[in-house]
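The structure appears right after this line, and notes come after that.
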Amino acid sequence: MMRLPSLHSRGTHTSVGIKVAKFGGSSLADAAQFRKVQAIVQADPERRYVACSAPGKRTAVQDDSKITDLLYLCAEHVRLDVPVDDVFGRIADRYLTIVADLRVQLDLEPQLTHIKAKIEAGAGPDYAASRGEYLNGIILAALLGYQFVDAAEMIFFDATGQLDAERTQATVAARLANVDRAVIPGFYGVLPDGAIKTFSRGGSDITGAIVARGVAADVYENWTDVSGMLMADPRVVTNPRPIDVVSYRELRELAYMGASVLHDEAVFPARQAGIPIHIRNTNDSEATGTLIVAESQPVAHKGTITGIAGRKDFTVIALEKAMMNAERGFGRRVLEVLETNDISFEHMPTSIDTLSLVIADSQLEGKLPKVLEEIRLACRPDSIDVYPNMALIATVGRGMAYTPGMAAKLCGALARDGINIRMIDQGSSELNIIVGVEASNFDPSVRAIYRAFVE
Ligand code: ASP
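Mapping the sequence shown onto the numbering used here, position 167 (from 1) lands on 155, and the numbers just tick up by one.
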C-alpha cells in the first residue's frame, strides 16, 4: 500500500510544501489590493494558510484612515458617551465597498450590526480593534474559497495578558491539521474568560508566525508594501541596496536600532521552529524581498556587512575617579542606582579610571538629577559629566565575524570625514560594531560607513 505523505511533516522526502502568507493592512486596503493578494495566493498552491490584517490606508485616498484606528475611535467614543454612528458608518462603508467591488457573495450587514451593538454596549477597545481583521478575514476567505478559522479558537492569553504560547501552538497545530486551506484573522486571541485581547499594534505579524509554527510551514511569507529590508535608512543614504538574506540575530540587532519591517515578537515563534521568514512586496511580487534565516546558513561574502541602523536619543553619563580600577564594588554601586530608579542601560564602556553609561533618553526622562545625585553619594567620583544628544550607530553583519580590519575600516571611514567617535563597542559575537557619535553627526556617519563597506 502506498502511504500518503503527512501534510505536516517536515521530512525531506515526504513533505508537501506549506507556506503561510500574511498580508498587511496596505495589501488589503481596497478591492484592487485584495485582487493582488488573490493572484499571489493562487499563484502558488503551497500558500495554504493566510493571515490577514485589517484594511490599512488606501494610497489613492488622501488622509485616509486605517480601519484599526477607526475602531479604536469607536471604543473611545463609547467610553466618552459620544454616539459612534458616524465613525462606524465609515468603517461599514469600507467593508461593504470592498465586498461589492470584489463581487463576492457575502452579506456582511448582520455581522456589522452585531459588532456595532457590542461596541456600543461597551465591549472595549480590544474587541473593537480585533473586528478589523475578523471582518477582513471573512472577506478574504470568501474571495479565496478558503475556510475561515477564527483566531479566537486557537490563540490564548493567560490571565495576566501574556500569550500562552504552549497551549496556543498545540491548539493551532490540532485545529489546522485537517483544514487544507484557511484564512486566519491576525492581531488577536482570547483571554481565559473568553474576552478578546489583541497583541500590540502591528500584531498580525505575530499571528502569522504562530500559524507558521503551528502548521510546521516551510516558510513564513510576510507580504507588505516594501520589497524587504534595506541596508540603510533611505532617508539618510540615497538608494541603499536591499538586504537579500539576514539572520534572525542580525535582524534583532538591526530592528532594535530602529530598522524594522516586522513586529519584534513575530520573529520568536518562527525562529523557535527554524522557519525562515520571507518579507515580500504585494505591490511588486517579483521582487526578491528579504529572507530571514537561522544563523547556521553559510555567509556568502566574508568581510561584508548586512546593514546599518541607528538611533539618536541617548545620553552618556561619564564618571571618572582616580584608582577606580582598584576599587571594589564601584560598578555595582553605579548599576544599583540605575536599578533602584528603574532604568536600563545600553552600554557601559570602561577604562582604567573611567566608566561611562550609555542610556536611552526615554529611560532617563525626569530622573537625571536624582540619578546623578545618587551616583555622587554612592560612588564619590572625581567628576561626573553628562553628554546629551548622543547617537548610536550599529553596523551589523554575520560576515564581519573573524574578519580582521573591520573596526579599522569603520573608524577610518569616520575619521576621513572628520567625525569624532565618542564610544565604540564590539559585540562579543563580532556580529556588530556600535559607535557613539554626536547626534548632529548621525547622518554623515551612516553615509560614511555605507560608503566604506558597500559602495
Ligand atoms: N491592524 C492592526 C494594527 O493596525 C494589526 C496589524 O495590522 O498587524 O496595528
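Each residue gets a CB set at the ideal place from its N, CA and C atoms; glycine is no exception.
Residue i: CB within 7 Å of a non-hydrogen atom of ligand 1
i    : result
R268 : no
F430 : no
F11  : no
D193 : yes
Q120 : A quick correction: the sequence has Gly, not Gln, at residue 120. Correct: G120 has its Cβ closer than 7 Å to ligand 1.
S41  : yes
R82  : no
G190 : yes
T47  : no
T156 : no
K54  : yes
Those residues which DSSP pairs with residue i across a bridge
i    : result
T383 : I296 and I421
R259 : R259 pairs with nothing; no bridge assigned.
H65  : Bridge partners of H65: none, in fact.
K10  : A39 and N210
A183 : Partner(s): none; A183 has no beta bridge.
I437 : According to DSSP, I437 bridges with nothing at all.
G177 : K185
A170 : Y37 and Q135
L279 : V233 and H266
E308 : T342 and S371
F302 : A348 and M378
L250 : DSSP, once it has assigned bridges, lists no residue as partnering L250.
Limits of the unbroken alpha helix (DSSP H) element including residue i
i    : result
G5   : From DSSP, G5 is part of no alpha helix (DSSP H); its letter is neither H nor E.
L239 : Y236 to Y244
D74  : D73 to L90
M394 : M394 to R404
Q93  : Here Q93 belongs to no alpha helix (DSSP H), and DSSP marks it neither H nor E.
A20  : A19 to Q30
L326 : F318 to T328
Neighbourhood of residue i by C-beta distance below 7 Å, restricted to the same chain and skipping five residues each side
i     : result
T391  : K290 and G291
L68   : none
D272  : S215
R(-9) : Note that R(-9) scores 41 on pLDDT, short of 50, meaning its location in the model is unreliable and no value can be drawn from it.
L123  : Y83, L96 and Q99
Range covered by the beta strand (DSSP E) that runs through residue i
i    : result
N210 : V207 to T212
D349 : Note, D349: premise wrong, no beta strand (DSSP E); alpha helix (DSSP H) at D349 to L352.
D193 : It is not in any beta strand (DSSP E) - D193 instead sits in the alpha helix (DSSP H) that spans S192 to G202.
Q157 : Where Q157 is concerned, there is no enclosing beta strand (DSSP E), although the alpha helix (DSSP H) it sits in stretches over A153 to L164.
Q414 : M411 to Q414
Cβ neighbours of residue i in the same chain (closer than 6 Å, five flanking residues each side left out)
i     : result
T342  : E308
A140  : V178
G(-1) : Residue confidence is low: G(-1) scores 42 on pLDDT, short of 50, so the model does not pin down where it sits. Its coordinate-derived value is still stated next. Excluding sequence neighbours, G(-1) sits near nothing in its chain.
P376  : T303
M411  : P337 and G424
Residue-chain proximity (residue i, chain B), Cβ-Cβ < 8 Å
i    : result
A389 : Chain labels in this structure do not include chain B; a single protein chain is all it has.
Cβ-heavy atom distance, residue i to ligand 2, below 7 Å
i    : result
F175 : As for ligand 2, it is missing from this structure, which binds only ligand 1.
Same chain, Cβ closer than 8 Å to residue i, five either side skipped, listed in chain order
i      : result
K45    : G13, S14, A17, D52, S53 and K54
M(-11) : Interpretation of M(-11) is limited by its pLDDT of 37, a score under 50 that renders its predicted location unreliable; no figure is taken from the coordinates.
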